[in-house]
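Using my numbering, the letters of the sequence shown map in sequence onto residues 4 to 80.
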Amino acid sequence: GAIFLRLNALDGTSCIYSQTRDMSGEIAWSQAGGGESMDDLTAHDYLEKQQKYDPDLWILEIEDPDEKYQFDGEILK
């Protein structure tokens, strides 16, 4: 299943990223919502909708109010 990462800023907003691969096959991340953070209800609804398409997906939520999380791959634009 797909892997989604939800970075929760603990201020009522989150950023959601989905794992993908870049042109060379390396792990990369694509941000949902046009590259903007979203309110927590919108984030929840987005992930719930994705789960309907792929019931085997993984959702990892990280509390990251200081935006210190380091990705293991490039963030694609």
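Every residue, glycine too, gets a C-beta built ideally from N, C-alpha and C. Note that this is a predicted model, so its numbers are computed, not measured.
Residue interval of the beta strand (DSSP E) (run including residue i)
i	result
I20	First, the residue type needs correcting, since residue 20 is Tyr and not Ile in the sequence shown. Residues 16-24.
A46	Element bounds for A46: not the beta strand (DSSP E) but the alpha helix (DSSP H), 43-56.
E77	77-79
Residue i, DSSP secondary structure in three states
i	result
S33	strand
E70	coil
Distance, residue j Cα to residue i Cα
i	j	result
Y49	G28	26 Å
A5	L13	24 Å
E66	D43	12 Å
F74	K52	24 Å
A31	D25	6 Å
Bridge partners - residue i, DSSP secondary structure assignment
i	result
E39	E39 pairs with nothing; no bridge assigned.
L10	C18, I65
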